[in-house]
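Q:
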Amino acid sequence: MRQAISSLPPTQPHAPIDNPTQEEIADNFSSREWGIEKGKESLTTIVQPVLSSRRVQIGNPMPVYGSILIKGHSLAMNDRWFVKEDFCRSDIFCGQPLHFFAVYDGHGSALVSSLCRDLLHIIVAEEFMSVPCMGSIGRGTTEDGSNAVDGSSSRLSQGTHQRGSHENVWEDHIKRVMENSFKRVDQAALYSCMSDGVLNICKSWPKALNTTGSTANVAILTPSHIIVANCGNSRAVLSWAGSAIPLSHDHKPNRQDELERIYNAGGKLKYRNGLPFVNGILKMSRAIGDYSLKEVIISEPEVSLIERDTGDVCLILASDGMWDVISSGLACKIASECLRDGSPPTATECPSQESPIMDEAEELFPTKSALASSILCRLALGRGSSDDITVIVVDLREGNERQ
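Okay, structure coming up:
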């Protein structure tokens, strides 16, 4: 079975947090300002026409994707999503473009999810650019399309792949980049204010920041790999050759390793309507923000890597508003059906144009990825989801290059 190489979750007690000063955080952010290089976000279906993909993608063109964000029964929309084409070119990937996809599910308010949307990709790019050049360790392609690593990597599903020291170093660098990035945005969340911006303590602080936080589910497409970093209960799943491959695992309080960590850190679980909550407050065991729970709610992501393959169909990132009522397998099956070869649906085969799921240009499902994301959202609503729902479907099939 094809599997991703994953970071193992910590089982030891989490060390008490030593909150940084504003000056220390300012140093971490270099000269960057909160909010630059904002990506595209909308409350409706947005589609960006672009590409796709073992295989090593020469030049790593951007995949076609479709996304949708729908408000649930709460008073405010707290979900955010972000997509950035060619957000970084690092020596570790031989200068090839990398593409950034993320879902942020906020709770308490949209303060932290908005902060993650505006900052995290910038921080990740900075961290990647700070990795020293490792020559042939960075698995990607050179300008002439040749492999940047000696020898070919066998498929992870074979179970016989011998990971050399160079590959271990490469994977360790990526894991460290993502962990440092999540730590930095978490520090920013502890010292931010919706009205005054990052690094300005809110006048109502710490009350306003005590119980506001966000998940962060990030996927980065390299020429040869998919990198996923996850913190919280949003999820990323890969549809490959008829199978659903989990690229992240939900951080829920009753997950055995998370439960042990919470108890070891002095936390406890309380149940409401049959669901476990950390200290009776939060239904996830990891998150960005949540100042009042910082000793038990950590921001450390679990990081997974998987090689891109010709059997890859699509990548799905979504908030728990969808995953609570739709299984990974069903989501992959639906998305794969939407993307399969054949004539795309016409407007008469889709919901009426009075539907709120339309883009700003009043175009109905301009791509199959957009159709897939909206169908998954509609199914979640039909199955009774009352939470905010965010879905991104990335078309990874070979031959869908932008003309």
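No gaps in the numbering here: position 205 of the sequence shown is 222 in our numbering, and each next residue is one more.
Note that the Cβ used here is the ideal one computed from N, Cα and C, for glycine as well.
I think residue 411 touches residue 349, with their Cβ atoms under 8 Å apart; what is that distance to the nearest whole Å?
A: In the sequence shown, counting from the first residue as 1, residue 411 sits at position 394. In the sequence shown, counting from the first residue as 1, residue 349 sits at position 332. That pair is no contact at about 12 Å.
Q: With a threshold of 8 Å, are at least 3 pairs of Cβ atoms found where one atom belongs to the region 308-320 and the other to the region 331-349?
A: As far as the Cβ criterion goes, the region 308-320 does not touch the region 331-349, which means the pair count is below three.
Q: Is residue 266 helix, strand or coil by DSSP?
A: Sequence index remark: in the sequence shown, residue 266 carries index 249 (1-based). If DSSP states are grouped into helix, strand and coil, residue 266 belongs with coil.
Q: Which residues bound the beta strand (DSSP E) around residue 286?
A: Within the sequence shown, the letter at position 269 stands for residue 286. That run of the beta strand (DSSP E) goes 286-289.
Q: Just the C-alpha distance for residue 256 and residue 277, rounded to the nearest angstrom, thanks.
A: Here residue 256 refers to the residue found at position 239 of the sequence shown. Here residue 277 refers to the residue found at position 260 of the sequence shown. About 32 Å.
Q: Starting from residue 385, trace the beta strand (DSSP E) both ways and give me its first and last residue.
A: Counting from one through the sequence shown, the residue named residue 385 turns up at place 368. Looking at the DSSP string, residue 385 is not in any beta strand (DSSP E); the run it does join, the alpha helix (DSSP H), is 385-399.
Q: Quick one: residues in its chain with C-beta nearer than 8 Å to the C-beta of residue 259, no 5 flanking neighbours on either side, listed in chain order?
A: As a first step, residue 259 must be located in the sequence shown, where it is residue number 242. Once the five neighbours on either side are set aside, the close Cβ partners of residue 259 are 353.
Q: Counting pairs of beta carbons, one from the region 116-127 and one from the region 87-102, are three or more of them closer than 8 Å?
A: Segments in contact, yes.
Q: Taking 8 Å as the cut-off, does the region 82-89 touch the region 121-136 (at least 3 CB pairs, one atom from each stretch)?
A: Because the criterion of three Cβ pairs below 8 Å is not met, the region 121-136 and the region 82-89 do not touch.
Q: What are the uninterrupted segments assigned as alpha helix (DSSP H) that are 4 or more residues long and contained completely in the region 271-324, given in chain order?
A: Within the region 271-324, the complete alpha helix (DSSP H) runs of at least 4 residues are 273-281.
Q: Is residue 250 helix, strand or coil when you go by DSSP?
A: Along the sequence shown, read from residue 1 onward, the residue named residue 250 stands at position 233. Of the three classes helix, strand and coil, the one that applies to residue 250 here is coil, per DSSP.
Q: How long is the line joining the alpha carbons of residue 402 and residue 343, rounded to whole angstroms?
A: On the sequence shown, residue 402 is found 385 positions in, with the first residue counted as 1. On the sequence shown, residue 343 is found 326 positions in, with the first residue counted as 1. Taking the straight line from one Cα to the other gives about 10 Å.
Q: Please report the straight-line C-alpha distance between residue 294 and residue 141, rounded to a whole angstrom.
A: The sequence position of residue 294 within the sequence shown is 277, counting from 1. The sequence position of residue 141 within the sequence shown is 124, counting from 1. Rounded to whole angstroms, residue 294 to residue 141 spans 30 Å at the Cα level.
Q: Alpha carbons only, please: which of 389, 301, 235, 300 is nearest the one belonging to residue 264?
A: Sequence index remark: in the sequence shown, residue 264 carries index 247 (1-based). Minimum Cα distance to residue 264 is reached at 235.
Q: For residue 249, which residues of its own chain have a beta-carbon under 6 Å away from its beta-carbon, when the five flanking residues on both sides are left out?
A: As a position in the sequence shown, residue 249 is number 232, starting the count at 1. Only 232, 268, 301, 303, 304 meet the Cβ criterion.
Q: Mind pulling the beta strand (DSSP E) runs of 3 or more residues that sit fully within the region 321-355?
A: Counting whole runs of 3 or more residues, the region 321-355 contains the beta strand (DSSP E) stretches 329-335.
Q: Taking just the CA atoms, how far does residue 399 sit from residue 190?
A: Indexing the sequence shown from 1 puts residue 190 at position 173. Indexing the sequence shown from 1 puts residue 399 at position 382. For residue 190 and residue 399, the distance between alpha carbons rounds to 43 Å.
Q: Taking the alpha-carbon positions, what's the residue 12 to residue 355 distance?
A: The structure shown does not extend to residue 12, since the chain is modelled only from 18 through 420, so no value can be given for it.
Q: Around the Cβ of residue 186, are there at least 16 other Cβ atoms within 10 angstroms (buried) or fewer (exposed)?
A: Taking the first residue of the sequence shown as 1, we reach residue 186 at position 169. Exposed, since its Cβ has fewer than 16 Cβ neighbours within 10 Å.
Q: Residue 149: which of 284, 286, 193, 230 sits nearest, CA to CA?
A: Within the sequence shown, the letter at position 132 stands for residue 149. Among 284, 286, 193, 230, the Cα nearest to that of residue 149 is on 193.
Q: Just verifying my parser: in three-state terms, what is the DSSP assignment at residue 144?
A: Walking along the sequence shown from the start, residue 144 turns up at place 127. Residue 144: helix per DSSP, three-state reduction.
Q: Any idea which residues DSSP pairs residue 106 with across the strands?
A: Residue numbering aside, residue 106 sits at position 89 when the sequence shown is read from its first letter. DSSP lists 114 as partners of residue 106.
Q: Under 6 Å Cβ to Cβ from residue 394, same chain only, skipping five residues before and after it: list those, please.
A: Within the sequence shown, the letter at position 377 stands for residue 394. Once the five neighbours on either side are set aside, the close Cβ partners of residue 394 are 85, 87, 406, 408.
Q: Return the CA-CA distance between residue 247 and residue 345, expressed in angstroms with no decimal places.
A: If you number the sequence shown from 1, residue 247 lands on position 230. If you number the sequence shown from 1, residue 345 lands on position 328. Rounded to the nearest angstrom, the two C-alpha atoms are 16 Å apart.
Q: Could you please give the first and the last residue of the uninterrupted beta strand (DSSP E) stretch that includes residue 82?
A: Residue mapping note: residue 82 aligns to position 65 of the sequence shown, counting from 1. Segment 82-87, the beta strand (DSSP E) holding residue 82.
Q: If we call anything under 7 Å between Cβ atoms a contact, is residue 133 one with residue 202?
A: The count along the sequence shown starts at 1 and reaches residue 133 at position 116. The count along the sequence shown starts at 1 and reaches residue 202 at position 185. Yes; because the gap between Cβ atoms is below 7 Å, this pair is in contact.
Q: Which value, in whole angstroms, describes the spacing of the CA atoms of residue 286 and residue 296?
A: Stepping through the sequence shown from its first residue, residue 286 is reached at position 269. Stepping through the sequence shown from its first residue, residue 296 is reached at position 279. Cα to Cα, the separation comes out at about 5 Å.
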